[in-house]
Amino acid sequence: MERDVLRRLCLLNQLSLTETQKDDVINFFAERDADTATLEAIDTENVERMVHVMPVLTVVREDKASQPFSREDLQAGAPETDEGYWCVPRVLE
Amino acid sequence: MKYETVIGLEVHVELATESKIFCSCSAHSFGADPNSHVCPACCGMPGMLPVVNRRVVDFGMKAGMMLNCDINRVTTFDKKSYYYPDLPGAYQTTQWFAPVAVNGRVDIETSAGKKSVRIKQIHMEEDAGKLVHDISEGTTHVDFNRTSVPLIEIVSQPDLSSAEEVEAYLVRLRTLLRYAKVAECEMAHGTMRCDVNLSVRPEGSDVLGVRTEMKNMNSIEAIKRAIEYETARHINAIENGTEVLVQETRRWDDAKGKSYAMRSKETAGDYRYFPDPNVMPVVIDDVWYETIKNSVPEFPEVKREKYIALGLTEYDAERISESIMLCECFEEASEACGNPKEVVNWITSDVMRILNAKQMTYEMLNLDNKAFGKLISLTLDGKISRANSKKILSAMFDDRAIEPEAYAEANNMLIGEQNDDLILGIVKKVVESDPKSVNDFKNGKEKALMALFGKCMKELKGNCDPQQLKVILLECING
Amino acid sequence: MNKIVIDDMFLTTDMPTTAGSKMLEGYTSLFEAEVLTRLKAADYVIAGKTKVGEFGADLLGETCYFGAEYEGETLQYPAAAAVKSGDAKAAVVMDVNGAPRRGAAQNGLVSLKPTYGRVSRYGTIPVACSGETVGVIANNAADCRDVFTAMAGYDSKDGTSLPESMTEQGKAAVTKKNKVVVLSSMLKGTDEAVQGRIAAVTDQFTKNGIEVVVADADVVAYAGAAWNILMSAELCNNVSRYDGVKYGYRTKNYTNIDELYTNSRTEAFGEFLKSAILFGSETLSTENYKKVYDKALRVRRVIRDNMAALLADCDALLMPAASALAYSRTLVEGDKYLPYKENFFTAPASITGLPAVIAGGVQLVGNAFSEDLLLDLAELV
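Chains as they are written, first to last, in my numbering: chain A, 113 to 205; chain B, 3 to 481; chain C, 2 to 382.
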């Protein structure tokens with residue numbers, strides 16, 4: 113894996129790594145890539161993907177509204193709130 | 003050189019459900035206190051699991067049918083990942099692999115003629131929260147009320163070529179979705195939003211130009227202005243090299259009448275779509291499909307033609323068929339009173355006047371249409387005076403439960419089997435008290451009769467068949 | 002008394018739930034996991050929470066922010082240790098990728114990872130939702146069965162929960178064959194102690210009239226590689242919610258939203274978790290989706306079909322739960338990414354959703370809905 117791929121991945125996932133960690137992750141990816149490459153041995157040409165392992169279908173609920181949680185409770189552990197809002201540094205659009 | 007504009011639209015419409023798409027919070031977020039319609043799932047807390055609101059699928063399907071789409075009988079949900087403060091889980095659950103509806107068509111008509119706009123797909127997804135930037139300096143306030151409110155995104159093919167066509171398309175979409183009663187489609191409320199993908203190329207060329215996407219237009223007028231601006235900007239760049247066009251997302255500033263490139267980071271992301279393991283595939287069986295199919299209303303044109311056949315003028319037929327609420331009012335009231343022409347007169351005069359006075363849109367019409375038809379019947383039968391019927395109709399706007407005949411009776415507005423003697427007594431009294439008018443009438447002044455008639459009607463509090471009163475009055479004057 | 006401990010992956014309203022991460026230090030949920038509600042109703046008393054590797058993503062449980070648990074120089078799985086020591090009759094655990102099974106095997110305990118969907122995941126910290134299940138560790142099969150019975154069943158709050166009718170049908174379709182198949186391909190890289198356990202359990206079965214045969218099933222050996230992909234991608238997505246905005250850890254070091262996100266996550270997440278997130282993200286990239294993630298989803302079906310075919314005429318597939326019964330500190334600390342290798346043994350049940358039971362230090366993977374039969378087999382060990 114190239115360093116700039118890793119840089120882009122870190123940006124995308126909001127993480128930053130030290131130089132040593134970067135080396136570790138690059139080695140980790142190399143191991144995983146080798147693992148992944150082994151999967152090519154399995155013929156999946158006419159195989160459907162399997163997202164769900166059990167054949168449950170069409171799980172739907174009735175359209176009914178309820179409000180069992182209060183804003184005060186939901187924001188009790190919030191790092192920063194104001195006037196009932198969660199707060200973040202100014203976002204530019 | 004002549005240029006043509008190539009436009010495709012992504013229209014987001016909030017579905018008019020009671021609850022959100024994956025949790026049971028209320029979906030009516032407009033105007034509510036910040037974060038008053040939220041649960042742990044809406045603010046990104048771990049542990050709740052999504053269960054699909056059935057009505058969202060109903061509405062998604064119905065919207066698809068209105069837009070002539072094929073319905074995917076197995077429809078699935080996927081996760082789209084990116085970081086933004088209005089997205090509490092840093093992912094949006096949407097439909098990437100198997101959207102509910104595909105391959106549709108919307109027909110429009112403009113000064114350039116008729117045109118079919120192809121619909122690529124309609125997918126169901128959850129809305130994001132709202133960011134408020136103007137409460138305090140340097141801070142963005144986050145409100146998750148709108149998080150997970152159900153949306154459909156209607157993606158058109160790049161078949162539109164002018165602001166006028168875009169307007170016609172949006173108005174048509176709005177009419178159809180309102181006809182289906184799946185959405186409010188009020189741009190001012192944010193329940194209909196539109197992103198415009200636009201490029202410009204020399205007329206006749208089959209190579210597409212650089213495409214930009216514009217967001218943040220809050221009305222159809224703003225969309226038209228944005229298209230005019232962006233088209234001019236593209237042409238200027240191509241002809242005069244004023245700038246290098248790049249594929250990007252731009253934000254429309256309606257006050258300034260300009261579009262601005264948005265921060266590139268937000269658009270440069272890789273959304274990493276993958277199937278949501280927590281949401282099972284939704285299989286639309288024949289029974290479900292047919293139930294929705296049967297609930298799809300006739301299209302506006304079909305209704306208009308039917309109304310013209312009933313004897314309505316083209317103008318009235320057009321006005322009524324503009325809104326499904328007027329159509330239902332017209333059809334149900336006509337059925338109740340058997341006189342469509344009279345019903346349309348009442349709708350275009352009284353009903354529209356009251357709506358106007360109450361500052362209500364057609365979509366807010368909430369009359370008991372059958373009772374309205376009954377009121378018209380009672381009036382036509384002479385059991386309620388025209389003046390009183392207006393009062394009763396006004397009351398019926400405020401209270402759907404009002405039954406016109408009972409209401410008239412309770413308020414002394416019902417004209418019973420009026421006995422001629424009672425009327426005659428009053429007429430005699432009036433005639434005796436105003437000999438001048440009687441003389442004037444006898445001397446050929448027609449207006450004098452109207453004055454006498456009015457006085458009698460006033461004494462009778464309007465509870466009298468005008469025809470019956472006129473006959474008795476004339477008999478009395480003429481001896 | 003029915004005293005139990007629970008992994009720190011179950012949401013509780015009367016104590017914090019951290020998932021072994023600094024990110025959730027002190028975080029208390031507003032609602033309780035469905036399984037806890039059911040267990041309390043069945044008179045189980047929750048004695049406390051046991052530590053897990055960060056977000057349960059690490060099979061060895063070594064990456065807990067609050068400290069890994071070692072017994073001398075041997076890595077211990079806290080939930081299993083609590084049962085072994087007698088502190089609790091059973092431990093209710095989150096089996097994201099086999100950590101509880103490995104822990105039970107190490108300690109000679111019995112553990113059940115039920116069929117996917119039989120126990121509600123409502124109120125559990127989500128990590129790898131397509132395969133993770135609530136499980137049990139106990140001293141014996143009977144206790145495992147009791148706890149499982151108390152917490153299993155349909156839950157409308159979990160969209161992947163199995164309806165009762167499907168469970169009844171599934172259970173009725175399970176028939177006893179008195180035969181167990183040892184998968185030779187799964188013995189790869191195991192040490193002598195593990196091979197000894199396999200031999201001992203084989204003997205025990207044979208003595209009890211159960212036929213034990215050896216079969217090759219090379220495809221099953223690919224489960225680890227495929228599950229590592231699916232698990233990491235789902236993990237990446239599931240932990241993206243922890244960003245320092247709504248609750249949990251927020252960095253002090255930020256001037257804009259991106260710094261808030263990045264520094265909060267960077268300061269609060271451990272190194273192993275970060276690697277897992279980055280790898281998971283990469284499997285889903287536009288470039289890789291088709292050849293990595295989608296491929297793993299298809300391999301999953303091949304493995305499931307293959308195992309179902311093998312299970313059509315036997316009661317269980319016998320395989321190790323890990324390459325070794327115990328891991329020394331030197332081994333664990335010497336290979337940061339050892340958990341991704343050890344997934345080889347636990348992934349077949351995780352990726353397919355099939356039930357698995359640990360007994361006598363080995364693993365038995367059965368047909369869907371065959372929990373009872375697997376626990377019967379465990380009683381013979």
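Beta carbons are placed, not taken as given, at the ideal position from N, Cα and C, and that holds for glycine.
Between the Cα of residue 115 of chain B and those of B/149, B/163 and B/143, spot the shortest distance and give me the residue it belongs to. B/163
What did DSSP end up calling residue 56 of chain C once you bin it into helix, strand or coil? helix
Within 8 Å of any Cβ in chain A, is that where the Cβ of residue 126 of chain C sits? no
Within the continuous beta strand (DSSP E) that includes residue 109 of chain B, where are the two ends? 103-112
To the nearest angstrom, how far is the alpha carbon of residue 194 of chain B from that of residue 357 of chain C? 50 Å
In whole angstroms, what is the alpha-carbon distance linking residue 334 of chain B and residue 373 of chain B? For residue 334 of chain B and residue 373 of chain B, the distance between alpha carbons rounds to 9 Å.
Please report whether the beta-carbon of residue 128 of chain A lies at a distance below 8 Å from any beta-carbon of chain C. yes
Within 8 Å (strictly less), CB to CB, does residue 91 of chain B reach chain A? no
Indicate whether at least one CB of chain B lies closer than 8 Å to the CB of residue 134 of chain C. no
Burial state of residue 191 of chain B, where buried means 16 or more other Cβ atoms lie within 10 Å: Exposed: under 16 other Cβ atoms inside 10 Å.
With C-beta atoms as the reference, is residue 196 of chain C less than 8 Å away from residue 188 of chain C? Going by C-beta atoms, residue 196 of chain C is nearer than 8 Å to residue 188 of chain C.
Is there a C-beta anywhere in chain B that falls below 8 Å from the one on residue 156 of chain A? no
Distance between beta carbons of residue 90 of chain B and residue 44 of chain B, contact taken as under 8 Å: 7 Å
If we cut at 8 Å on Cβ distances, does residue 291 of chain C have a partner in chain A? no
Using a C-beta to C-beta distance shorter than 7 Å, which residues of chain C count as neighbours of residue 81 of chain B? 238
Could you name the residues of chain B that residue 199 of chain A contacts, counting a contact when the two beta carbons are closer than 8 Å? 141, 142, 143 and 144
Return the chain-ordered ranges of every beta strand (DSSP E) run that is complete within the segment 125-154 of chain C and spans a minimum of 3 residues. Counting only runs of 3+ residues, the beta strand (DSSP E) found wholly inside the segment 125-154 of chain C occupies 134-139, in chain order.
Return no unless some Cβ of chain A is closer than 8 Å to the Cβ of residue 280 of chain C. True, the Cβ-Cβ gap to chain A drops below 8 Å.
Residue of B/113, B/223 and B/181 minimising C-alpha distance to residue 325 of chain B: B/181
When you compare the CB positions of residue 137 of chain C and residue 91 of chain C, do they come within less than 8 Å of one another, or not? yes
Alpha carbon of residue 54 of chain B to alpha carbon of residue 131 of chain A, nearest angstrom: 44 Å
Is there a C-beta anywhere in chain A that falls below 8 Å from the one on residue 328 of chain C? No, its Cβ sits nowhere closer than 8 Å to a Cβ of chain A.
Report the rounded CA-to-CA distance for residue 20 of chain C versus residue 9 of chain C, giving the unit in angstroms. 5 Å
What distance in whole Å lies between the Cβ atoms of residue 167 of chain B and residue 117 of chain B, which are believed to be in contact at a cut-off of 8 Å? 7 Å
Can you check whether the CB of residue 221 of chain C is closer than 8 Å to the CB of residue 307 of chain C? In this structure, residue 307 of chain C lies near residue 221 of chain C, with their beta-carbon atoms less than 8 Å apart.
Span separating the alpha-carbon of residue 313 of chain B from that of residue 9 of chain B: 41 Å
Members of the segment 220-234 of chain C near chain B, C-beta cut-off 7 Å: 234
Does DSSP classify residue 340 of chain B as helix, strand or coil? coil
Closest residue to residue 284 of chain B among B/338, B/481, B/103 and B/475 (Cα-Cα distance): B/103
Which chain F residues are close to residue 283 of chain B, counting only those with a beta carbon under 7 Å from its beta carbon? Reference to chain F is not applicable here, since the protein chains of this structure are A, B and C.
Nearest-angstrom Cα separation, counted from residue 243 of chain C out to residue 269 of chain B: Residue confidence for residue 269 of chain B is low, a pLDDT of 43 falling below 50, so the modelled location carries little weight; the figure read from the coordinates is stated next. The straight-line gap from Cα to Cα measures roughly 22 Å.
Quick one: is residue 321 of chain C buried, meaning 16 or more other Cβ sit within 10 Å of its Cβ, or exposed? buried
Drop a sphere of 10 angstroms on the beta-carbon of residue 457 of chain B, count the other beta-carbons inside from all chains shown, and report buried for 16 or more, exposed for fewer. buried
Cα-Cα separation between residue 87 of chain B and residue 144 of chain B, rounded to whole angstroms: 7 Å
Beta-bridge pairing of residue 196 of chain B - partner residues as DSSP gives them: B/13
If I follow the unbroken alpha helix (DSSP H) through residue 191 of chain B, where does it start and stop? Run containing residue 191 of chain B: none; DSSP gives neither H nor E here.
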